[in-house]
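In what follows, a single structure is set out as structure tokens and then discussed.
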Amino acid sequence: MKLYGIPNCTTVKKARAWLAGRGLDVPFHDFRKLGVDPAWLRTVSADAGWKNLMNTRGTTWRTLSDAERAAAVDEAGALALMQAHPSVIKRPVLERDGRYHLGFSEDYYRNLFGA
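Written out as structure tokens, the structure reads:
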């Protein structure tokens, strides 16, 4: 199990606190410090869908140029954009049992972990 994201993201903080509150010490991959592996992006995209993986509601998306946004109309363009701007990736990404789970809510994690 591994959690991916940006540590100062509010949703990532909530997910980390939820996991820690249940005694789960989950390794964390910081996109800003460690970057985003293109092969990892393709794997997550294949599992969760590139449209689901791309956060089009966040601040970073709104600050992109029209040309950058227009380039993300297909999987290749979207993955290139996420590689260049990791904060466009929906957060957190939880890797668990070979599957990738996007975002966080207490209900979602409760169901996921059977808690």
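The UniProt record's numbering numbers the first residue of the sequence shown as 1 and each following residue consecutively. Cβ atoms here follow ideal geometry from the backbone N, Cα and C, with glycine treated the same way.
Give the C-beta separation of residue i and residue j to the nearest angstrom, bearing in mind that I take them to be a contact with Cβ-Cβ under 8 Å.
i: VAL36; j: MET82; result: 7 Å
i: LYS90; j: LEU102; result: 5 Å
i: VAL93; j: VAL44; result: 6 Å
i: ALA15; j: LEU3; result: 6 Å
Should residue i be labelled buried (16 or more other beta-carbon atoms within 10 Å of its own) or exposed?
i: MET54; result: buried
i: ARG99; result: exposed
i: ALA39; result: exposed
i: GLY114; result: exposed
i: LEU19; result: buried
Give me whichever residues DSSP pairs with residue i in a beta bridge.
i: ARG91; result: None; ARG91 has no bridge partner.
i: HIS29; result: TYR4
i: MET54; result: ILE89
i: TYR100; result: GLU95
Looking only at its chain, what residues have a beta carbon closer than 8 Å to the beta carbon of residue i, apart from the 5 residues adjacent to it on each side?
i: GLY49; result: none
i: residue 204; result: Since the first residue of the chain shown is 1 and the last is 115, residue 204 is not available in this structure.
With a threshold of 8 Å between beta-carbons, can residue i be considered close to chain B, or not?
i: ARG91; result: Among the protein chains of the structure shown there is no chain B, as only one such chain exists.
Going by beta carbon distance, what residues of the same chain come within less than 7 Å of residue i, once the five residues before and after it are set aside?
i: PRO7; result: ASP30
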